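Residue numbers for the sequence shown follow this note's numbering, beginning at 133 and rising by one.
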Amino acid sequence: MAAVPLPFGFEFPISPHTGRRLDAAPALLQASGADIILLQEVFTARYRDVLIESMRGSHPHAFWRGGANSLMGNGLLILSRWPIDGGQFIPFADKHPLAQSVWQRGVLMAELQAPGIGTLRVMNVHLSPDPPFIAPDRAPTRAYRAREIECLLAAASGASDDTILAGDFNTSPEVCPDDYRSIVERGYRDVIADIHGTQGISTFERGNPLVREGRYRDWPDQRADHILLKAGTRLKPLNARIVFREPLPHPQGPAGFPLSDHYGVQVTLAR
């Protein structure tokens, strides 16, 4: 399984070189070998359709839900090699009205049958850096994100132990650690931290050329992207790593630019 934000849509300054990154994305996602891919920030329907169609040969199953009453929707997309039995989008309540009118926040949940593992429930997550769109450690942001965390944990509480939370949490051991702990201390394992520790690993960093060009260039380095397992799960992480750090190869993209302003996280799971 892999998770990565792909800021595709509306050519905002947070997402330079959209076209060239979109051209490169299918081959890079397929080359990762991930059976399940959770994407965030795919905001434009035609970009979403390009990804789904380009990935159909390797990941024929896709799940998303359009965002009601918001300009960009929720930007969440799940691609899978295996059939998706069903799912839903659960919106976060009590959002800042300006942020909600632009970007519908919530969690995209899907169930699928994984060979050799059985039924998995995956929850594709993108927590707030707003209202609207400011640094994640600012006080107004933290109040909204704390309520989002409560909504997320409530949505996951009735699910089986084989439930996976993954995506861009905009909180980390380095930035807003109290928010991070409020999740992991309520029965979740951080797979990257279990295997590699919590120090010196970033998925968002100022050294990324896309960050240097974007509006979030002053944000601190942090591991904002996570794959979390319930503590009681029978799933066993065999390995975990940070992915999509490398510059895009020519001719798909400009030298020196990776796929996204965030690097991805990937884990191999077994029963």
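Think of the CB as a built atom: it goes at the ideal place given N, C-alpha and C, for glycine as much as any other residue.
Every value quoted in this text rests on a predicted model; they were computed, and no experiment measured them.
{"Asked": "Between the Cα of SER233 and those of PRO223, LEU240 and PHE389, spot the shortest distance and give me the residue it belongs to.", "Found": "PRO223"}
{"Asked": "Where does HIS172 fall in DSSP's three states?", "Found": "Here residue 172 turns out to be Gln, not His, going by the sequence shown. Residue state, collapsed to three classes: strand."}
{"Asked": "Less than 7 Å between the beta carbons of GLU173 and PRO137, yes or no?", "Found": "yes"}
{"Asked": "Evaluate ASP357 with the Cβ neighbour count: other Cβ atoms within 10 Å of its Cβ, from every protein chain shown; 16 or more gives buried, anything less gives exposed.", "Found": "buried"}
{"Asked": "Alpha carbon to alpha carbon, how far is PHE140 from GLU378? Give it in angstroms, no decimals.", "Found": "18 Å"}
{"Asked": "Rounded to the nearest angstrom, how far is the Cβ of ARG403 from that of ALA363, given a contact under 8 Å?", "Found": "Between ALA363 and ARG403 the Cβ distance is about 16 Å, and since that is not below 8 Å, they are no contact."}
{"Asked": "So who's on the other strand from ILE210, going by DSSP bridges?", "Found": "LEU170 and PHE195"}
{"Asked": "Residues in the same chain with beta-carbon distance under 6 Å from TYR348, minus the five sequence neighbours each way, listed in chain order, please.", "Found": "none"}
{"Asked": "How many angstroms separate the CA atom of ILE259 from the CA atom of PHE301?", "Found": "The sequence given here places Leu at residue 259; Ile does not occur at that position. So the two alpha carbons sit approximately 5 Å from each other."}
{"Asked": "Applying the 10 Å Cβ sphere with the 16-neighbour rule, what's the burial state of PRO145?", "Found": "Legend: pLDDT at PRO145 = 48, less than 50; position of this residue unreliable, value from coordinates given subsequently. Under this definition PRO145 is an exposed residue."}
{"Asked": "GLY396: which of ILE169, GLY198 and SER292 sits nearest, CA to CA?", "Found": "ILE169"}
{"Asked": "To the nearest angstrom, how far is it from the Cα of ILE249 to the Cα of ALA194?", "Found": "20 Å"}
{"Asked": "Flag this pair as yes or no: are the beta carbons of ALA242 and VAL254 separated by less than 7 Å?", "Found": "yes"}
{"Asked": "Going residue by residue through the region 305-342, where are the continuous alpha helix (DSSP H) segments of at least 4 residues, counting only ones entirely within it?", "Found": "309-316 and 323-328"}
{"Asked": "In this structure, what does DSSP give as the bridge partners for GLN220?", "Found": "MET241"}
{"Asked": "Return the CA-CA distance between GLN162 and TYR179, expressed in angstroms with no decimal places.", "Found": "17 Å"}
{"Asked": "What does GLY396 pair with, by DSSP beta-bridge criteria?", "Found": "VAL375"}
{"Asked": "Measure the alpha-carbon distance for ILE281 versus ASP310 and round it to whole angstroms.", "Found": "12 Å"}
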